[in-house]
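**Student:**
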Amino acid sequence: MSRICVYLGSREGNSPAFRHATHELGHTLAARGHTLVYGGARVGLMGVLANAALDAGGEVIGVMPDHLVEREQAHFGLSELIRVPNMHERKATMAANADAFIALPGGIGTFEELFEIWTWGYLGLHEKPLGLLNVEGFYSPLLTFLNSTVQQGFMAQATRDMLLDAETPAALLEALESSGDR
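First residue of the sequence shown? That's 6 in my numbering, and the numbers climb one at a time after it.
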């Protein structure tokens, strides 16, 4: 596995732990020789992640639709910034350029990307590992809900098991790397 797509917020959130974990993930990705693929912004957690990976000598590929270049404040210091015409192309381009996926804390866009790529895996459109970085329990309510969907008969356990989770960047990367080797 060499390219990891990360979905995360264009805001930093309220806890300094989000910024710290994001910085740690960016550094760890670069140190392990992975290329970061992400949404291309220079603000929020997105900017923190890209800058940490770049500062650690990593390769960073951003993907951003033309209409968001100014709104999301595109990061022009990346290894590569791919401009696409729309959000559908953004997500498809990010997925095509990734060997695995991680979701960090974020908002509605992060959730939409996470669930779409998970659904694509469920439908057999890819067999790439997917995980959540559960910083300070950010995703704990979601994980509880997802486990409930299995208990209530709306999701198979195998589908739930596709979504890995860990509390630290190193632990999540280890889980993804192990899963990708299967």
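Ideal Cβ positions, reconstructed from N, Cα and C, are used throughout, including at glycine. Computed from a predicted structure; not experimentally measured.
Is it buried or exposed, GLY136, if we count other Cβ atoms within 10 angstroms and call 16 or more buried?
**Tutor:** Along the sequence shown, one-based indexing puts residue 136 at 131. GLY136 is buried by the Cβ-count criterion.
**Student:** Hey, how far is the Cα of GLU182 from the Cα of ALA176?
**Tutor:** Here residue 182 is taken as the residue at index 177 of the sequence shown, counted from 1. Here residue 176 is taken as the residue at index 171 of the sequence shown, counted from 1. Cα to Cα, GLU182 sits roughly 10 Å from ALA176.
**Student:** Return the first residue and the last residue of the beta strand (DSSP E) that THR40 is part of.
**Tutor:** Residue mapping note: residue 40 aligns to position 35 of the sequence shown, counting from 1. Per DSSP, THR40 belongs to the beta strand (DSSP E) from 40-43.
**Student:** Helix, strand or coil for GLY67? Go by DSSP, reduced to three states.
**Tutor:** Reading the sequence shown from its first residue, position 62 is the one you call residue 67. Strand, per DSSP.
**Student:** Just confirm the distance between the C-beta atoms of ALA105 and LEU119, as a whole number of angstroms; I'd bet it's less than 8 Å.
**Tutor:** Indexing the sequence shown from 1 puts residue 105 at position 100. Indexing the sequence shown from 1 puts residue 119 at position 114. That pair is no contact at about 13 Å.
**Student:** For VAL89, write down the residues that DSSP places opposite it in a beta bridge.
**Tutor:** In the sequence shown, residue 89 corresponds to position 84, counting from 1. Paired residue(s): PRO70.
**Student:** So what does DSSP say about ASP170, is it helix, strand or coil?
**Tutor:** If you number the sequence shown from 1, residue 170 lands on position 165. In the structure shown, ASP170 sits in a strand (DSSP, three-state: E or B).
**Student:** Look up VAL53 in the DSSP assignment and say whether it is helix, strand or coil.
**Tutor:** As a working mapping, residue 53 is identified with position 48 in the sequence shown. If DSSP states are grouped into helix, strand and coil, VAL53 belongs with the helices.
**Student:** Buried or exposed for ALA161, going by 16 or more other Cβ atoms inside 10 Å?
**Tutor:** Translated into the one-based positions of the sequence shown, residue 161 becomes position 156. Classification of ALA161: exposed, given that the 10 Å Cβ count is below 16.
**Student:** Looking at the secondary structure, which residues open and close the beta strand (DSSP E) in which ALA105 lies?
**Tutor:** In the sequence shown, counting from the first residue as 1, residue 105 sits at position 100. ALA105 -> beta strand (DSSP E) spans 105-108.
**Student:** So, helix, strand or coil for TYR127, using DSSP?
**Tutor:** To locate residue 127, count along the sequence shown from 1; it is residue 122. Three-state result, TYR127: helix.
**Student:** Please state the DSSP three-state secondary structure of ALA61.
**Tutor:** Sequence index remark: in the sequence shown, residue 61 carries index 56 (1-based). Here ALA61 sits in coil by DSSP.
**Student:** Report buried or exposed for HIS80, applying the criterion of at least 16 other Cβ atoms within 10 angstroms of its Cβ.
**Tutor:** Against the sequence shown, residue 80 aligns to sequence position 75. Result: buried.
**Student:** Are LEU83 and GLY67 touching if we call contact CB-CB under 8 Å?
**Tutor:** Counted from its first residue, the sequence shown places residue 83 at position 78. Counted from its first residue, the sequence shown places residue 67 at position 62. Yes, Cβ-Cβ distance for LEU83 and GLY67 is below 8 Å.
**Student:** Under three-state DSSP, which class holds LEU178?
**Tutor:** Here the question's residue 178 lines up with position 173 in the sequence shown. Note: LEU178 maps to helix in three-state DSSP.
**Student:** Kindly indicate the opening and closing residues of the beta strand (DSSP E) around VAL11.
**Tutor:** Within the sequence shown, the letter at position 6 stands for residue 11. Where VAL11 is concerned, the enclosing beta strand (DSSP E) stretches over 8-12.
**Student:** Assuming LEU59 and VAL53 are in contact, meaning their beta carbons sit under 8 Å apart, how far apart are those beta carbons, in whole angstroms?
**Tutor:** As a position in the sequence shown, residue 59 is number 54, starting the count at 1. As a position in the sequence shown, residue 53 is number 48, starting the count at 1. With a Cβ gap of about 11 Å, LEU59 and VAL53 do not count as contacting.
**Student:** Looking only at DSSP bridge pairs, what is ALA163 linked to?
**Tutor:** The residue you call residue 163 lines up with position 158 of the sequence shown. In the DSSP output, where bridge partners are listed per residue, ALA163 has none listed.
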